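To keep things clear, I will list the structure first and then write my remarks on it.
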Amino acid sequence: MIEAFQVKSTAKTEFIDITHSVQEVVRKAGVQEGICYIFIPHTTAAVTINENADPSVSQDILMQLNKVIPFQDRYRHLEGNSPAHIKASLIGPSEVVLIESGRLALGTWQGIFFCEFDGPRNRKVYVKVMKT
Ligand code: ZN
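Position in the sequence shown (first residue = 1) + 96 = my numbering.
Following this line, the structure appears as C-alpha cells:
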C-alpha cells in the first residue's frame, strides 16, 4: 500500500522540509530494516535530499535554479509554467532512503525537501516503505 500526505506550499518556489512527515510514515509502517521510497506525483514539483541544518542552503539552491532557469524566456508551453516543469525534471520526482532500526538512515545534516516550483498549491507526497 502507498502512503500519502499533503504539503501546502505558500510561495512560487520553495523548499519544504518533509523529513518528519516521511519519518512518521516509516514509524507507522513498523518497518525496522528496509527501504523508503518517496515519490512526487506532480510535473512542477520535485524532491531532493540536502542540508537542513542551515536553511540558507536550500535558499541558495533555489536562487541558482531560478537564475539558471529564468521565469521569463521564449518558452512555448501555453500554460506559462515551463520553468517549473524544467526545474522539476532537473531535480527529479523521487528519492530513496534506507531504514535502519526503524529510522531514516540520513546523514547528520541531511533532510528531505519537497521542492515547489509552481506554487502556492496543495501538493501530495507518496511514500512506500518496504521491509528488506
Ligand atoms: Zn504546464
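Using N, Cα and C, we set each Cβ at its ideal position, and we do this for glycine too. Just so you know, these numbers come straight off a predicted model, no measurement behind them.
Classify residue i as buried or exposed, calling it buried when 16 or more other Cβ atoms lie within 10 Å of its own Cβ.
| i | result |
| --- | --- |
| Leu200 | buried |
| Val121 | buried |
| Val118 | buried |
| Val192 | exposed |
| Glu212 | buried |
| Thr109 | buried |
| His138 | buried |
Compare the Cα-Cα distances from residue i to each of the options and report the closest residue.
| i | options | result |
| --- | --- | --- |
| Ala184 | Phe101, Ala141, Gly126 | Ala141 |
| Pro151 | Val221, Lys227, Val223, Ile208 | Ile208 |
| Gly198 | Gln160, Val127, Ser190, Pro189 | Val127 |
| Lys227 | Ala100, Ile136, Ile195, Ile134 | Ile195 |
| Asn162 | Arg170, Ile182, Glu147, Val223 | Ile182 |
| Phe135 | Met97, Ala125, Pro189 | Pro189 |
| Ala149 | Leu202, Lys124, Asn177 | Leu202 |
| Glu99 | Thr109, Asp113, Cys132 | Cys132 |
| Lys224 | Asp113, Ile114, Gly130 | Gly130 |
| Ile187 | Thr204, His116, Gln160 | Gln160 |
Less than 7 Å between C-beta atoms, sequence neighbours within five positions excluded: which residues of the same chain meet that for residue i?
| i | result |
| --- | --- |
| Pro216 | Ser105, Thr106, Ala107 |
| Val153 | Asn146, Glu147 |
| Asn280 | With the chain covering only 97 through 228, there is no way to say anything about residue 280. |
Apart from the five residues just before and just after residue i, which ones in its own chain have a Cβ nearer than 6 Å to its Cβ?
| i | result |
| --- | --- |
| Gln155 | none |
| Pro179 | Ile165, Phe167 |
| Ile145 | Glu191, Gln206, Ile208 |
Could you give the C-beta distance for residue i and residue j, rounded to a whole number, given that I count them as a contact under 8 Å?
| i | j | result |
| --- | --- | --- |
| Arg219 | Val103 | 4 Å |
| Leu158 | Phe111 | 6 Å |
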